[in-house]
Amino acid sequence: MGFNSDYFWECLRSGIIYIPNTIKLVFISLLTGFIFGTIIALIRVYKVPVINKVLAIFVTVYQGVPIVVALLLYNLLFMLEFNNLAKFLNLSKTVKDVDNIWVGIFALTLTAICSMSEVIRGALLSIDKGQDEAGYSVGLTKVQTIRRIIVPQMVPVAIPMMINNIVGLIKASSVVMAIGITEIAAGAIIPGSRTYSFFEGYAAAALIYWTFTVLIEYLAGRLRKHTGKFKRSSYD
Numbered sequence: 001m002g003f004n005s006d007y008f009w010e011c012l013r014s015g016i017i018y019i020p021n022t023i024k025l026v027f028i029s030l031l032t033g034f035i036f037g038t039i040i041a042l043i044r045v046y047k048v049p050v051i052n053k054v055l056a057i058f059v060t061v062y063q064g065v066p067i068v069v070a071l072l073l074y075n076l077l078f079m080l081e082f083n084n085l086a087k088f089l090n091l092s093k094t095v096k097d098v099d100n101i102w103v104g105i106f107a108l109t110l111t112a113i114c115s116m117s118e119v120i121r122g123a124l125l126s127i128d129k130g131q132d133e134a135g136y137s138v139g140l141t142k143v144q145t146i147r148r149i150i151v152p153q154m155v156p157v158a159i160p161m162m163i164n165n166i167v168g169l170i171k172a173s174s175v176v177m178a179i180g181i182t183e184i185a186a187g188a189i190i191p192g193s194r195t196y197s198f199f200e201g202y203a204a205a206a207l208i209y210w211t212f213t214v215l216i217e218y219l220a221g222r223l224r225k226h227t228g229k230f231k232r233s234s235y236d
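Quick note: the sequence shown uses full-length UniProt numbering, first residue 1, plus one each step.
Given below as structure tokens:
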């Protein structure tokens, strides 16, 4: 099996076209996952009655479900039940009117929520409990203590784990091709449908994902330096 460089560049161009779909899949899921994951982490760390245990069970159970299984399950539910739900809500849309990329975003978002909640929870637990008491002793409320004292110390601890999750989410986004969503991986192998030679397509997709990862790692390094300076200045 030879490697055709011209065919590789064609596959690379085809994959690049669908980068916006991958960005939408990853960053909508990431932003939503970070917001709700932080809320879940705070609830669990500060042990809000009842809700704390419910969320702990949800995160534990959901993390045991492979993302591709969850994705296929949500897609089936979407195709089977969306029309009934739209009719119940008096909406004029049908399942054909909705881009199934939102099914992929939903599946990735739930995964991001669970993983981010564990990252944030671990970072929060790494902060000495005396920090809370120090905030209360100077008249700060619980919210003010979290915002002014806990979060600035938590961020540098959380960043490395968050970067790992972001890279994992970028790679996990490729599974959405299982329900017909065209993103980088699916886009890169489109030229292969003509020749049934997919090696160059997968190599092109790997190169694009690797470039994404390098960029994320570079930005993370800059962010780590910035937060490290911030953290050190807080002790000056």
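In this text, a Cβ means the ideal position worked out from N, Cα and C, and glycines have one as well.
Exposed unless 16 or more other CB atoms sit within 10 angstroms - verdict on residue i
i: ARG121; result: buried
i: ILE17; result: exposed
i: ALA134; result: exposed
i: TYR218; result: exposed
i: TYR136; result: exposed
i: GLY64; result: exposed
i: THR60; result: exposed
i: TYR196; result: exposed
i: ASP6; result: exposed
i: TRP9; result: exposed
i: VAL138; result: exposed
i: LEU73; result: exposed
i: ASN164; result: exposed
i: SER234; result: For SER234, the predicted structure reports a pLDDT of 45, less than 50, and the residue's modelled location is therefore unreliable. A value from the coordinates is still provided. By the neighbour-count rule (16 or more Cβ atoms within 10 Å), SER234 is not buried but exposed.
i: PHE3; result: exposed
Rounded straight-line distance, which links the Cα of residue j to that of residue i
i: MET154; j: ARG194; result: 51 Å
i: ILE179; j: ASN75; result: 7 Å
i: VAL214; j: MET162; result: 15 Å
i: ILE149; j: VAL26; result: 30 Å
i: ASN83; j: LYS129; result: 51 Å
i: ILE28; j: MET116; result: 14 Å
i: ILE146; j: VAL50; result: 21 Å
i: VAL157; j: GLY221; result: 13 Å
i: LYS47; j: ARG224; result: 29 Å
i: ILE35; j: GLU118; result: 13 Å
i: LYS87; j: LYS24; result: 28 Å
i: VAL98; j: ASN90; result: 16 Å
i: LYS93; j: PRO160; result: 42 Å
i: ILE19; j: ILE216; result: 15 Å
i: ASN52; j: GLN131; result: 22 Å
i: GLY192; j: TYR62; result: 35 Å
i: LEU85; j: ALA203; result: 42 Å
Distance CB(residue i)-CB(residue j) smaller than 8 Å
i: VAL167; j: LEU71; result: no
i: ALA205; j: ALA185; result: yes
i: ALA113; j: GLY33; result: The sequence given here places Ile at residue 113; Ala does not occur at that position. Going by C-beta atoms, ILE113 is nearer than 8 Å to GLY33.
i: SER14; j: ILE181; result: no
i: VAL45; j: LEU140; result: no
Best match in the options for proximity to residue i [C-alpha to C-alpha]
i: residue 297; options: GLU200, PHE34, GLU217 and MET177; result: This structure cannot settle anything about residue 297, because the visible part of the chain is limited to 1 through 236.
i: VAL54; options: ILE40, ILE67, GLY64 and VAL65; result: ILE40
i: ILE208; options: VAL143, ALA188, THR60 and SER126; result: ALA188
i: LEU80; options: SER92, LYS96, ASN90 and LEU91; result: LYS96
i: PHE58; options: SER5, PRO156, GLY37 and ASP6; result: GLY37
i: PHE212; options: TYR196, LYS225 and LEU169; result: LEU169
i: GLU183; options: VAL48, ASN100, LEU91 and SER5; result: ASN100
i: LEU42; options: ILE159, TYR196, PHE78 and VAL143; result: VAL143
i: TRP210; options: VAL138, LEU12 and SER5; result: LEU12
i: VAL103; options: GLU10, TYR196, LEU77 and LYS93; result: LEU77
i: ILE127; options: VAL151, GLU118, THR111 and VAL138; result: VAL151
i: LEU31; options: GLY192, THR111 and PHE198; result: THR111
Taking 8 Å as the threshold, find out whether the segment 54-69 comes into contact with the segment 104-112 through three or more Cβ pairs. yes
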